[in-house]
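Report on the following structure.
Numbering (our numbering), first residue to last: 4 to 215.
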């Protein structure tokens, strides 16, 4: 499932760089597969808990896995939203109107942190997961920089409002993919260390992840 979400995100970013209706269709079809996978894995986790009554560490791992699956499915949702919005932008002939360098940069960053989050989960590496949470801030910074630029464009030329809002939704989808990767990383720390780090400082998160 993680590999499919990674592919979905990569395809969505390819559509952002150069519109391709075949890739749009691939992402939309992939979303249906992700939904089916989420249901199947959730059912399997529930069955394991009911039948085996796992002890603390194993139960924690299963709970973290379930949360990670939810975040993967939601990241897939964001990829779907991105390609649907790009299809609309392309249909309206507005794809080249704005300089979207910040979106492209944040997109590559989001894909990178998603890959690293999946790797941290596969290896149950809490220290690597903690660094992912820190790096998600850079994606947020790119998003906010693009929003500021959009506001300037739309203020100076009201004709830019419609296309500006479309690209705002695209940028937000990418920012949310980064957030879901961050969430996965936080649940890796929980699975390994038993510490709920969703609402702690970065310094505390890194202490919890390293066990110090």
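By construction, the Cβ of each residue, glycine as well, lies at the ideal position given by its N, Cα and C atoms.
{"Item": "Beta-carbon contacts of residue 201 that lie in its chain and below 6 Å, excluding the five residues immediately before and after", "Value": "189"}
{"Item": "Cβ-based neighbour list, residue 85, same chain, cut-off 6 Å, excluding 5 preceding and 5 following", "Value": "15, 173, 176"}
{"Item": "Burial state of residue 83 (16 or more Cβ within 10 Å)", "Value": "buried"}
{"Item": "Any alpha helix (DSSP H) of 4 or more consecutive residues that is wholly inside the segment 143 to 184", "Value": "none"}
{"Item": "8 Å contact criterion, which residue 135 and residue 116 should meet: CB distance rounded", "Value": "5 Å"}
{"Item": "C-beta atoms of residue 124 and residue 191 nearer than 7 Å", "Value": "yes"}
{"Item": "Under 7 Å between C-beta atoms of residue 196 and residue 211", "Value": "yes"}
{"Item": "Rounded distance between the beta-carbons of residue 139 and residue 104, thought under 8 Å", "Value": "Rounded, the Cβ-Cβ distance is 20 Å, inconsistent with contact."}
{"Item": "Other residues of its chain near residue 131: CB distance less than 6 Å, five sequence neighbours each side excluded", "Value": "123"}
{"Item": "Among 41, 42, 164, 12, the one whose alpha carbon lies nearest that of residue 29", "Value": "12"}
{"Item": "Span of the alpha helix (DSSP H) around residue 93", "Value": "59 to 94"}
{"Item": "Same chain, Cβ closer than 8 Å to residue 160, five either side skipped, listed in chain order", "Value": "none"}
{"Item": "C-beta contact flag for residue 156 and residue 163 at 7 Å", "Value": "yes"}
{"Item": "Cβ-based neighbour list, residue 119, same chain, cut-off 6 Å, excluding 5 preceding and 5 following", "Value": "135"}
{"Item": "Buried versus exposed call for residue 38 [16 or more other C-beta atoms within 10 Å across all chains shown]", "Value": "exposed"}
{"Item": "Close Cβ partners of residue 63 (< 8 Å) along its chain, the five nearest in sequence each way excluded", "Value": "193, 194, 197"}
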